[in-house]
Amino acid sequence: MSLREYIVEKMETTPKIFSFAGARVEQVDELPPGLDCQSIFKKVEDALPAKFLQGLKKVRIEDREDFKKRNLSALYDDDVLYISPNFSDDGSVFNDIIHEIAHHIETLYPGFIYDDGKIVHEFLKKRHEVEFELKTEGYWTEGYDFEDINYNEQLDHFLYKKVGPNMLRLVTTGSFIRPYAAVSVREYFATGFEAYYLGQKEKLDKISPMLYDKIYEMHHQENLT
Ligand SMILES: [Zn+2]
1 MSLREYIVEK
11 METTPKIFSF
21 AGARVEQVDE
31 LPPGLDCQSI
41 FKKVEDALPA
51 KFLQGLKKVR
61 IEDREDFKKR
71 NLSALYDDDV
81 LYISPNFSDD
91 GSVFNDIIHE
101 IAHHIETLYP
111 GFIYDDGKIV
121 HEFLKKRHEV
131 EFELKTEGYW
141 TEGYDFEDIN
151 YNEQLDHFLY
161 KKVGPNMLRL
171 VTTGSFIRPY
181 AAVSVREYFA
191 TGFEAYYLGQ
201 KEKLDKISPM
211 LYDKIYEMHH
221 QENLT
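Each residue of the sequence shown is one higher than the one before, counting from 1 in the numbering used here.
Spelled out as structure tokens, the structure:
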């Protein structure tokens with residue numbers, strides 16, 4: 001076996017382990033052929049300031065039960081980023097990573113993001129707009145807590161099952177960057193963060209100016225504590 005053959009064979013049989021912003025990336029399950037995870041992570045590192053990625057402990061690419069159950073392709077839990085190996089293209093996994101990094105940033109800088117109350121205020125104003133739109137469309141909204149800023153199962157069930165995705169899209173257009181932003185204040189932040197880094201800065205500034213300003217400040221300001 002030549003040295004070249006040896007190297008090629010070694011590359012093909014060694015599980016791919018690389019690092020992402022100092023965190024170890026463990027590829028537990030095989031990816032679809034042709035997808036290059038390492039280059040996607042490099043793209044994320046290039047897109048975000050290094051301060052957003054600090055404290056990330058580990059990335060695991062593995063098939064999880066809750067991905068299927070909750071129809072997710074990525075999730076963030078306790079400084080670990082989990083990515084499903086079943087993604088269809090590089091672009092969608094890039095979006096998912098950016099979204100989950102937003103949840104990581106919430107744990108790094110909760111005071112900077114929420115303490116002045118601006119994001120919560122803007123979010124609740126939009127929730128009221130959606131409630132008003134739904135009433136106008138003839139929906140009975142009493143009994144659902146549109147004031148709850150956290151994930152609320154009854155409200156979520158009402159919006160996604162009773163109102164349904166099409167009507168929800170209609171009544172959130174103009175107030176939320178996408179329907180999922182209405183789920184909770186945390187998703188409001190994460191979807192806005194996604195928009196900021198995925199080429200929708202102007203749209204975000206127009207729809208959610210407070211949120212846009214907050215992310216702009218976070219991106220440019222050195223000290224975020
Ligand atoms: Zn999220």
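Each residue gets a CB set at the ideal place from its N, CA and C atoms; glycine is no exception.
Consider the C-beta atom of residue i and the heavy atoms of ligand 3; say whether any pair is separated by less than 7 Å.
i, result
"E62", "No copy of ligand 3 appears in this structure; the ligands present are ligand 1."
If you follow the alpha helix (DSSP H) that residue i is part of, which residue opens it and which one closes it?
i, result
"Y151", "Element bounds for Y151: n/a, residue is neither H nor E."
"Y212", "P209 to H220"
"A190", "V185 to Y197"
"I119", "K118 to T136"
"I40", "C37 to A47"
"F67", "E65 to K69"
Taking 7 Å as the line, does the beta carbon of residue i fall inside it for any heavy atom of ligand 1?
i, result
"A195", "no"
Tell me where the beta strand (DSSP E) around residue i begins and ends.
i, result
"E26", "A23 to Q27"
"S92", "Careful: S92 lies outside any beta strand (DSSP E), inside the alpha helix (DSSP H) at D90 to L108."
"V163", "First-last for V163: undefined, no H or E at that position."
"I61", "K58 to I61"
"D77", "A74 to D77"
"S19", "I17 to F20"
"I83", "V80 to I83"
Evaluate residue i with the Cβ neighbour count: other Cβ atoms within 10 Å of its Cβ, from every protein chain shown; 16 or more gives buried, anything less gives exposed.
i, result
"P85", "buried"
"H157", "exposed"
"P33", "exposed"
"P49", "exposed"
"S175", "buried"
"R127", "buried"
"I17", "exposed"
"S92", "exposed"
"G192", "buried"
"Y151", "exposed"
"T172", "buried"
"V28", "exposed"
"K214", "buried"
"S19", "exposed"
"P296", "Because the chain spans 1 through 225 in this model, residue 296 falls outside it and cannot be assessed."
"E194", "buried"
Write down the C-beta distance between residue i and residue j rounded to the nearest angstrom, noting that I regard them as a contact closer than 8 Å.
i, j, result
"V120", "I98", "Not quite, the Cβ-Cβ distance comes to about 22 Å (not below 8 Å), so this is no contact."
"F189", "L224", "Not quite, the Cβ-Cβ distance comes to about 14 Å (not below 8 Å), so this is no contact."
"E62", "Y82", "7 Å"
"I40", "D115", "Going by Cβ atoms, the distance from I40 to D115 rounds to 33 Å, so no, they are not a contact pair."
"L204", "N95", "Their Cβ separation, rounded to whole angstroms, is 15 Å, which puts L204 and N95 out of contact at 8 Å."
"K58", "V80", "5 Å"
"L53", "I101", "7 Å"
"F146", "E131", "5 Å"
Practice task
For ligand 1, list every residue whose C-beta falls under 6 Å from any of its heavy atoms, going in chain order.
Solution key: Taking each Cβ in turn, the ones that pass are H99, H103, E187 and A190.
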